[in-house]
Amino acid sequence: MLGLVYLKFLMKLLRLDPRWVYSTEIDARQVVIAATPDELALIANSLNESLEAIEDWEFQTRLGESHEAARALRSQISGLLDQLREVE
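So for the sequence shown, numbering that gives the first Met the number 0 puts the first residue at 0; every next one is plus one.
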């Protein structure tokens with residue numbers, strides 16, 4: 000019998016607390032989300048696969064952002080995951 004794995008994604012949009020707006024941490028144009036480390040790893044891995052699979056010349060057209068922006072986001076997420084591992 001095959002076992003089925005059920006993944007429940009916990010990522011959610013948080014309501015923006017007025018105290019955060021214009022603070023040093025949150026800009027009014029940003030969206031605040033809560034995500035598990037596994038969800039962040041999935042996003043980072045997906046970005047990595049996209050960076051490897053899609054040519055530079057078509058990246059912007061297909062994904063709406065540049066290769067450089069995707070690399071920067073992947074790097075930021077990886078940095079967050081490293082920080083989380085240090086805490087554990």
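Glycine included, each C-beta is placed from N, C-alpha and C at the ideal position.
| Asked | Found |
| --- | --- |
| Can at least three beta-carbon pairs, one atom from the stretch 29-39 and one from the stretch 62-74, be found at a separation below 8 Å? | no |
| Our contact map puts L50 next to I76 with C-beta atoms below 8 Å; I'd like the distance itself, whole angstroms only. | L50 to I76, Cβ: 13 Å. No contact. |
| If I follow the unbroken alpha helix (DSSP H) through S74, where does it start and stop? | 66-86 |
| Does the beta-carbon distance from R73 to A43 come in below 8 Å? | yes |
| Could you tell me the boundaries of the alpha helix (DSSP H) in which T60 lies? | 55-62 |
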